[in-house]
Amino acid sequence: MKRIKSLDNPTDGLVHYRGQPGVNIRSWPNFHNHDGGQPYREIREALIDLQHGLCAYCEIDLVENDRQVEHVIPRRVQPVRTLDHENMIACCRGGSAENQFGPAVLEQHRDEERSLPPGNISCGQAKDDRTEALDPRMLPTQPSLFRVRSNGEIDADDSACVAVGIPADNVRETIKILGLNVRRLRQAREKHRRFLTDAIRKNLSALGNVPPERRLRRMARQRLLPNGNGTLRRLFTTERTVFLPLGGESILAELPQSWI
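In this text, residue positions in the sequence shown follow this note's numbering: the first is 5, and each later residue adds one.
This is the structure:
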């Protein structure tokens, strides 16, 4: 998990919907289905853009058939905040999506990073009605409270937690509540760490006149900052962990910190 921004203002469609006479502000299905779902899609896409295309919890890239609006405080806990834009973030479907191309895709084409057999549910689907998980919008920008081990397991960074005064136990409880160490996600992060390690090794061994330090810093910049479309690399905290000893945090500290 990384720090993400809050949606400053409601979208036009949400404002229009809430302003209609007799609207039930506690009914999410009514809003979701209103006008063919256009107001819902509008706010979902606004949140995805704000989050640079990543799930606010597991940081997988949000694609067709695997993206939704998540209520930070569950609707059943505080129904009056159902249509509150300040209670909304964008997330994946927590492993319940059969495939980014839809549920009709053949089993052999299953995207294992998005769906595995039962026991691999994460994010909002795993959180359900619990409220103890840390809100990604309230995380410190730096340092990262999360780190990814070589086996793909995400854990609290104890020294970072001490530095910002957030108990490491709260971070670990958040990981547990959100199911961020289910096999599906561990495997994805482990695979991604291997890919990054190999890419760094090849970069170091490449011939050329550019010093290795400059090549690695350029690589870190390319991978840690948003691309031309404003999106970030999937599994951002894995990238961040790998590039930490290569000056990654100094790159993220550069203003205007467009990665947040």
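Glycine is no exception: its CB is placed at the ideal position from the N, C-alpha and C atoms.
Notebook entry, point to check: If you draw a straight line from the C-alpha of K6 to the C-alpha of V166, how long is it?
Noted result: Here residue 6 refers to the residue found at position 2 of the sequence shown. Here residue 166 refers to the residue found at position 162 of the sequence shown. About 17 Å.
Next item on the list: Whole angstroms is fine: what's the gap from L208's alpha carbon to V214's?
Entry: Taking the first residue of the sequence shown as 1, we reach residue 208 at position 204. Taking the first residue of the sequence shown as 1, we reach residue 214 at position 210. Rounded to whole angstroms, L208 to V214 spans 10 Å at the Cα level.
Checklist line | Within the stretch 27 to 92, ranges of the alpha helix (DSSP H) (whole runs, at least 4 residues) | finding: 32 to 37 and 42 to 54
Next item on the list: Rounded to whole angstroms, what's the CA-CA distance from Q24 to C96? Just pull it up for me.
Entry: In the sequence shown, counting from the first residue as 1, residue 24 sits at position 20. In the sequence shown, counting from the first residue as 1, residue 96 sits at position 92. For Q24 and C96, the distance between alpha carbons rounds to 30 Å.
Next item on the list: For G57, collect the residues of the same chain with a Cβ closer than 7 Å to its Cβ; drop the 5 residues on either side in sequence, then sort them by chain order.
Entry: Counting from one through the sequence shown, the residue named residue 57 turns up at place 53. Excluding positions up to five away in sequence, the list reads D65, L66, T235 and L236.
Next item on the list: Could you please give me the residues that DSSP links to I266 through a beta bridge?
Entry: For the chain, the structure presents residues 5 to 264; residue 266 sits outside this window and is missing.
Next item on the list: Evaluate contact between the stretch 166 to 185 and the stretch 213 to 228, counting only Cβ atoms and requiring at least three cross-stretch pairs below 8 Å.
Entry: no
Margin query: Quick check on H20: buried or exposed, where buried means 16 or more other Cβ atoms within 10 Å of its Cβ?
Written below: Taking the sequence shown and counting its residues from 1, one reaches residue 20 at position 16. Exposed: under 16 other Cβ atoms inside 10 Å.
Check: Below 8 Å, can you find three or more Cβ-Cβ pairs linking the stretch 49 to 63 to the stretch 24 to 39?
Finding: no
Check: The alpha helix (DSSP H) with A192 in it runs from where to where?
Finding: Translated into the one-based positions of the sequence shown, residue 192 becomes position 188. Here the alpha helix (DSSP H) through A192 covers R187 to S209.
Check: Would you say the beta carbon of P144 comes nearer than 7 Å to a heavy atom of the ligand FMN?
Finding: By its list of ligands, the structure shown contains no ligand whatsoever, and the ligand FMN lies outside what it can speak to.
Margin query: DSSP three-state label for A94, please.
Written below: Counting from one through the sequence shown, the residue named residue 94 turns up at place 90. Strand.
Item checked: A94 to S119 span [Cα, whole Å] -> Numbered from 1 along the sequence shown, position 90 holds the residue referred to as residue 94. Numbered from 1 along the sequence shown, position 115 holds the residue referred to as residue 119. The alpha-carbon atoms of A94 and S119 are separated by roughly 18 Å.
Notebook entry, point to check: Residues in its own chain within less than 7 Å of A164 by CB, not counting five upstream and five downstream?
Noted result: Position 160 of the sequence shown holds residue 164. Excluding positions up to five away in sequence, the list reads P147, S148 and L149.
Item checked: Assumed close pair R193, T135 - CB separation to whole angstroms, cut-off 8 Å -> Position 189 of the sequence shown, counting from 1, holds the residue named residue 193. Position 131 of the sequence shown, counting from 1, holds the residue named residue 135. Contact doesn't hold; Cβ gap of about 26 Å is too wide.
Note to self: Please report the straight-line C-alpha distance between A137 and G183, rounded to a whole angstrom.
What the structure shows: Indexing the sequence shown from 1 puts residue 137 at position 133. Indexing the sequence shown from 1 puts residue 183 at position 179. Cα-Cα distance, rounded: 11 Å.
Item checked: Close-in-space but distant-in-sequence residues of the same chain around E74 (CB under 6 Å, 5 per side omitted) -> Working through the sequence shown from its first residue, we reach residue 74 at position 70. Excluding residues within five positions, the ones whose Cβ falls inside 6 Å are I93, C95 and G128.
Notebook entry, point to check: E157: which of K180, P78, P230 and R79 sits nearest, CA to CA?
Noted result: Working through the sequence shown from its first residue, we reach residue 157 at position 153. Closest by alpha carbon: K180.
Checklist line | Buried versus exposed, by CB contacts within 10 Å (16 or more), P140 | finding: Sequence index remark: in the sequence shown, residue 140 carries index 136 (1-based). Counting Cβ neighbours within 10 Å, P140 comes out buried, since at least 16 surround it.
Next item on the list: Pick helix, strand or coil for Q24, following the three-state DSSP scheme.
Entry: As a position in the sequence shown, residue 24 is number 20, starting the count at 1. Correct three-state label for Q24: coil.
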